[in-house]
Amino acid sequence: MSGTGPARRFVREHSLGLVFGVLFVLALAGQAFAGHAEFNQQQITDGLQPISLGRYLTSADFAVDVAENWQSEYLQFFLFIVLTVWLLQKGSPESKSLDQAGTESDEDQLVGAHARDDSPAWAKATGWRLHLLSNSLGLVMGGIFLLSWLAQSIAGVAAFNERQLSQLQAPVSWLDYLTEPDFWNRTLQNWQSELLAVFSMVVLAIYLRQRGSPESKPVGAAHTSTGVEG
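The sequence shown begins at 42 in our numbering and counts up by one.
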């Protein structure tokens, strides 16, 4: 019983991350089983032997399906993180206040001489360390996007060439694949959906509310209130 209190406190204090982590694992598992079933249906249709789940999970088809979604998600977050430094949307809680565009002052950001006792160590530093910390979120999100997009292209060309060979057509190089409609169709169909979702969130949050959510303004806040969270 002595560990119940700390365990419950840990779950409560990290519940948002834990729930999304579990949902991610469940969704990825569901994608794996559904993708395996679909792949084997196509194999049978083509007169080929079905493959095991383990073999499917290590296949280029599964890898490209996962990577193409990951890269678009991280592109969405990277663009939102970076563009909201400078761009504003009147009335949206997803925007900063209309007078705060830009990187803001050291005092506002609690860095340098304005750092507090509990501030990260590099917030009290100068030079490249402070600059790196100041841009670390965007750099990591952008880096993951580029790595995921690279993974999509590598897995994509492997899957593409498997289809080419099964149809007695010549395989293509990685560079040639980057100009193929297959690569850009996979890429852009994900980009457009992510960008639409961000656009909808930014604009709909001006007029619609979700009581108690930090992604929404207080229910009674004016539609023109900007950068206010509930």
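Yeah, the Cβ is synthetic: ideal placement off N, Cα and C, and Gly gets one too.
Computed from a predicted structure; not experimentally measured.
Problem - Reference G184, options Q230, Q112 and D223, closest by Cα - result: Locating residue 184 in the sequence shown gives position 143, counting from the first residue. It is Q112.
Practice task
Measure the C-alpha to C-alpha separation of A164 and T267 and round it to an integer number of angstroms.
Solution key: Sequence index remark: in the sequence shown, residue 164 carries index 123 (1-based). Sequence index remark: in the sequence shown, residue 267 carries index 226 (1-based). Cα to Cα, A164 sits roughly 27 Å from T267.
Problem - alpha helix (DSSP H) segment containing D217, residue limits - result: Position 176 of the sequence shown holds residue 217. D217 -> alpha helix (DSSP H) spans W215 to Y218.
Handout entry: Enclosing alpha helix (DSSP H) for S234 [first to last residue]
Key = On the sequence shown, residue 234 is found 193 positions in, with the first residue counted as 1. Here the alpha helix (DSSP H) through S234 covers P222 to Y248.
Handout entry: Contact check, P134 vs A246, beta carbons under 8 Å
Key = Taking the first residue of the sequence shown as position 1, residue 134 is located at position 93. Taking the first residue of the sequence shown as position 1, residue 246 is located at position 205. Yes.
Exercise for the section: Would you kindly work out how many angstroms separate the C-alpha atoms of S21 and G88, rounded to a whole number? Expected result: Outside the modelled stretch of the chain, which goes from 42 to 271, sits residue 21, for which no answer is possible.
Practice task
Would you check if there are 3 or more beta carbon pairs closer than 8 Å linking the region 96-106 to the region 187-196?
Solution key: yes
Problem - Length of the line joining the Cα atoms of G95 and A73 - result: Along the sequence shown, read from residue 1 onward, the residue named residue 95 stands at position 54. Along the sequence shown, read from residue 1 onward, the residue named residue 73 stands at position 32. Each residue's alpha carbon lies about 10 Å from the other.
Handout entry: 6 Å Cβ shell around W215 - same chain, five flanking residues per side excluded
Key = In the sequence shown, residue 215 corresponds to position 174, counting from 1. Correct list, in chain order: V198.
Practice task
Given a cut-off of 8 Å, decide if P212 and N202 are closer than it, judged by their beta-carbon atoms.
Solution key: Taking the first residue of the sequence shown as 1, we reach residue 202 at position 161. Taking the first residue of the sequence shown as 1, we reach residue 212 at position 171. The answer is yes: Cβ separation under 8 Å.
Handout entry: First and last residue of the uninterrupted alpha helix (DSSP H) at D102
Key = The residue labelled residue 102 in the question sits at position 61 within the sequence shown. Start and end: A101 to L124.
Handout entry: Close-in-space but distant-in-sequence residues of the same chain around L331 (CB under 7 Å, 5 per side omitted)
Key = This structure cannot settle anything about residue 331, because the visible part of the chain is limited to 42 through 271.
Practice task
Please classify V260: does DSSP put it in a helix, a strand, or coil?
Solution key: Taking the sequence shown and counting its residues from 1, one reaches residue 260 at position 219. In this structure, V260 counts as coil in the three-state DSSP scheme.
Handout entry: Anticipated Cβ contact below 8 Å, Q84 with Q90, distance rounded
Key = Here residue 84 refers to the residue found at position 43 of the sequence shown. Here residue 90 refers to the residue found at position 49 of the sequence shown. Right, the Cβ-Cβ distance comes to about 7 Å (below 8 Å), so this counts as a contact.
Practice task
Compare the C-beta of L139 with all C-beta atoms of chain C and state if any pair is closer than 8 Å.
Solution key: Absence of chain C from the displayed structure is noted, only one protein chain being present.
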